[in-house]
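One rule links them: number in our numbering = place in the sequence shown (from 1) + 218.
Glycine included, every Cβ here is placed at the ideal spot set by N, Cα and C.
Please read all numbers here as calculations on a predicted model, not as lab measurements.
One structure is given below, encoded as structure tokens.
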Amino acid sequence: MRILAIELYRVAMPLVRPFETSFGRQHSRDVLLVRARTTVGDGWGECVAMADPVYSSEYVDGCEAVIRGYLAPALLAADDVTAEGVAGILGFVIGHRMAKAAVETAVLDAQTRAEGVSFGEYFGADSDTVDCGVSVGIAGSIDELLAEVDGYVREGYRRIKLKIKPGWDLEPVRAVRDLIGETALQVDANTAYTRADIEHLGLLDEFDLLLIEQPFVEEDILTHIALARAIATPVCLDESIVNAEVAVDAIERGATSIVNIKAGRVGGYLEAVRVHDVCAELGVPVWCGGMLETGVGRAANVALAAMANFTLPGDTSGSSRYFAEDLTEPFVLVDGRLTVPTGPGSGVEVREELLAEWALRAPITLS
Ligand code: SMG
Ligand code: MG
């Protein structure tokens, strides 16, 4: 195919409740959507970067700038583009994985729609539904946290993940464990701790957690190794794992025994599949992370999470976890699971009237 145009849409999506982590509180989701117009049809990709560079070095204005200045011109100049060739064409740009992932996904969506193949089939998914967990932000009080968690358990979520940080860890985890009994529970620190906290984090062992996610800064593999040796709770890396080679390195050195896979973080779904595959070869289970995606990104995540080695529930929540109304048909939890879309490409349709209604600015066309 040839790329005829790349269109960039910016949409503000209000969250049904604020989402607080160790790096701040979000009230709305500033989403960048990419539409690839190609000779075989159109496709969509969602950029997972946040509004500000406080979670990752990438942020949404930066992604837009790199797509406008480098990624889109390179694709528009290429004679023949396939989804499998996008990473090579864009490889001259260092990093900027979230921006690359959004563009590659749009091309993949166009290609697979034209071929009549669903993302699930393309990735090699082997189930029709995926088990869903939910990520719960830092709350104003323990009572507020328990009320929120109780609501999710009643909705059927199969696993609870609590955001933790120094000063908000043992007490909320104990209270939630008491509330939910044997329901699966895990925690995510988003890099909020340091080596000095290893002994303290060991106190989490008594709560029978599935895992502790990314306690230390992303570059610091060594401290994760030290923690993994010191505690019984499995250590799981998120931010640190930027591609399949880094995943192998971190696993072989003993820094992570479970891996969170997010396509945006590793540069796209094709690399996400590679991360899945190397983890499977090494006997390391994976689960699908989330970035508060709209239905566009959620559809692709659910298809990815249907691959065989995604054996733990993902942060693949229903649309209503974040949004009163979604940009696509909503993903609705049934018995704690979401159904993998079966239509061509991502299998969902963008509600273009909502794109216009919620637009932060007019779309930009690069051609
Ligand atoms: O999509 O449900 C979701 C978000 C899950 O906690 C979640 N994501 O580090 O895993 C993570 C965070 C990153 C985004 S926090 C703003
Ligand atoms: Mg995380």
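| said: Is any non-hydrogen atom of ligand 2 found closer than 7 Å to the C-beta of E431, if you look at the structure I gave you? | reply: Translated into positions along the sequence shown, residue 431 becomes position 213. True, at least one ligand heavy atom lies under 7 Å from that Cβ.
| request: Determine, using beta carbons only, whether G508 and L545 come nearer to each other than 8 Å. | output: Mapped onto the sequence shown, residue 508 falls at position 290. Mapped onto the sequence shown, residue 545 falls at position 327. No.
| A324 beta carbon less than 8 Å from that of G261 | To locate residue 261, count along the sequence shown from 1; it is residue 43. To locate residue 324, count along the sequence shown from 1; it is residue 106. Yes, they are a contact pair.
| message | I believe D349 touches V558 by the beta-carbon criterion, under 8 Å. Please report the beta-carbon distance rounded to the nearest angstrom. | response | As a position in the sequence shown, residue 349 is number 131, starting the count at 1. As a position in the sequence shown, residue 558 is number 340, starting the count at 1. Actually they are not in contact, since the Cβ atoms of D349 and V558 sit about 12 Å apart, beyond 8 Å.
| request: With D298 as the anchor, note down where its alpha helix (DSSP H) starts and where it stops. | output: Within the sequence shown, numbered from 1, the residue matching residue 298 stands at position 80. No alpha helix (DSSP H) holds D298; DSSP gives it neither H nor E.
| query | Does the count of Cβ pairs from the segment 392 to 410 and the segment 419 to 436 closer than 8 Å reach three? | reply | yes
| field | Inside the segment 460 to 497 only - alpha helix (DSSP H) runs reaching at least 4 residues | value | 462 to 470 and 481 to 484
| message | Assess contact between the segment 365 to 372 and the segment 552 to 569, defined as three or more Cβ pairs (one per stretch) separated by less than 8 Å. Is contact present? | response | no
| query | Relative to ligand 2, is the shortest distance from any of its heavy atoms to the C-beta of G374 smaller than 7 Å? | reply | In the sequence shown, residue 374 corresponds to position 156, counting from 1. Result no, Cβ not under 7 Å from ligand 2.
| query | Going by alpha carbons, who is nearest to R413 out of A448, E282 and R392? | reply | By one-based count along the sequence shown, residue 413 stands at place 195. The shortest C-alpha separation from R413 is found at A448.
| query | Under a Cβ-count criterion, where at least 16 other Cβ atoms within 10 Å of its own Cβ denotes burial, should A580 be classed as buried or exposed? | reply | Position 362 of the sequence shown, counted from the start, is the residue given in the question as residue 580. With fewer than 16 other Cβ atoms within 10 Å, it is exposed.
| Skipping 5 residues on each side, what residues in its chain have a beta carbon closer than 7 Å to that of R331? | As a working note, residue 331 is residue 113 in the sequence shown. For R331, where only same-chain residues beyond five positions count, the Cβ hits under 7 Å are G259, G261, P562 and G563.
| query | Any heavy atom of ligand 1 within a distance shorter than 7 Å of the CB on F541? | reply | On the sequence shown, position 323 is the one that residue 541 refers to. Because no heavy atom of ligand 1 lies under 7 Å away, the Cβ of F541 does not count as near it: no.
| On the three-state DSSP scale, how would you describe T537? | Locating residue 537 in the sequence shown gives position 319, counting from the first residue. At residue 537 the sequence reads Ser, which differs from the Thr that was named. Helix.
| field | Opening and closing residue of the alpha helix (DSSP H) in which E417 lies | value | Here residue 417 refers to the residue found at position 199 when the sequence shown is read from its first residue. I416 to G420 is the span of the alpha helix (DSSP H), which, as asked, contains E417.
| message | Shorter than 7 Å, the distance from the beta carbon of S458 to the closest heavy atom of ligand 1, or not? | response | Counted from its first residue, the sequence shown places residue 458 at position 240. Checking every heavy atom of ligand 1 against the Cβ of S458, none is found closer than 7 Å.
| query | Do V252 and G482 come within 8 Å of each other at the CB atom, strictly closer than that value? | reply | On the sequence shown, position 264 is the one that residue 482 refers to. On the sequence shown, position 34 is the one that residue 252 refers to. Not in contact: G482 and V252 (Cβ atoms no closer than 8 Å).
| said: Using CA atoms only, rank isn't needed, just tell me which of I416, V367 and K383 is closest to V394. | reply: In the sequence shown, the residue the question calls residue 394 occupies position 176. The shortest C-alpha separation from V394 is found at V367.
| query | In its own chain, which residues sit with a C-beta less than 6 Å from the C-beta of A498, not counting the 5 before and 5 after it? | reply | Along the sequence shown, one-based indexing puts residue 498 at 280. So the list reads N527, once near-sequence residues are dropped.
| Simplified DSSP assignment, three categories, for T347 | Numbered from 1 along the sequence shown, position 129 holds the residue referred to as residue 347. Here T347 sits in strand by DSSP.
| Cβ of A521 within 8 Å of Cβ of F337? | Numbered from 1 along the sequence shown, position 303 holds the residue referred to as residue 521. Numbered from 1 along the sequence shown, position 119 holds the residue referred to as residue 337. Contact: yes.
| request: Would you tell me roughly how many angstroms separate the C-alpha atoms of M525 and G536, rounded to the nearest one? | output: Taking the first residue of the sequence shown as 1, we reach residue 525 at position 307. Taking the first residue of the sequence shown as 1, we reach residue 536 at position 318. Those two C-alpha atoms are separated by around 19 Å.
| said: Taking a contact to mean a Cβ-Cβ separation below 8 Å, would you say V504 touches H494 in this structure? | reply: Along the sequence shown, one-based indexing puts residue 504 at 286. Along the sequence shown, one-based indexing puts residue 494 at 276. Yes.
| said: Please return the same chain residues whose Cβ sits closer than 8 Å to the Cβ of I378, not counting the five positions on each side in sequence. | reply: Along the sequence shown, one-based indexing puts residue 378 at 160. Here the set comprises G351, V352, V354, V367, Y370, V371, V394, I398, T401, A402, L403 and Q404.
| Got a sec: does ligand 1 put a non-hydrogen atom nearer than 7 Å to the Cβ of Y277? | As a working note, residue 277 is residue 59 in the sequence shown. Flag unset: Cβ of Y277 not near ligand 1.
| request: Name the two residues that bound the continuous alpha helix (DSSP H) containing K318. | output: As a working mapping, residue 318 is identified with position 100 in the sequence shown. First-last of the alpha helix (DSSP H) with K318: R315 to E333.
| field | Check whether L222 and Y540 have beta carbons under 8 Å apart | value | Working through the sequence shown from its first residue, we reach residue 222 at position 4. Working through the sequence shown from its first residue, we reach residue 540 at position 322. Their beta carbons are not under 8 Å apart, which means L222 does not touch Y540 by this criterion.
| request: Sort out for me which residues DSSP pairs M231 with in a bridge. | output: Looking up residue 231 in the sequence shown gives position 13. Note: M231 sits in a beta bridge opposite R247.
| field | Coarse secondary structure for E225, derived from DSSP in three states | value | If you number the sequence shown from 1, residue 225 lands on position 7. Strand, per DSSP.
| request: State buried or exposed for E322, treating a residue as buried only when at least 16 other CB atoms are found within 10 Å of its CB. | output: Numbered from its first residue, the sequence shown carries residue 322 at position 104. E322 should be labelled buried.
| query | If you measure from the CB of Q244, is any heavy atom of ligand 1 nearer than 7 Å? | reply | In the sequence shown, counting from the first residue as 1, residue 244 sits at position 26. Flag set: Cβ of Q244 near ligand 1.
| On the three-state DSSP scale, how would you describe L573? | Residue numbering aside, residue 573 sits at position 355 when the sequence shown is read from its first letter. Three-state DSSP puts L573 in a helix.
| Regarding S535 and ligand 1, is the C-beta to nearest heavy atom distance less than 7 Å? | One-based indexing of the sequence shown puts residue 535 at position 317. S535: yes, Cβ under 7 Å from ligand 1.
| task | Look at the Cβ atom of T534, then the Cβ atom of N519, and state whether they are nearer than 8 Å. | result | As a working note, residue 534 is residue 316 in the sequence shown. As a working note, residue 519 is residue 301 in the sequence shown. Yes, they are a contact pair.
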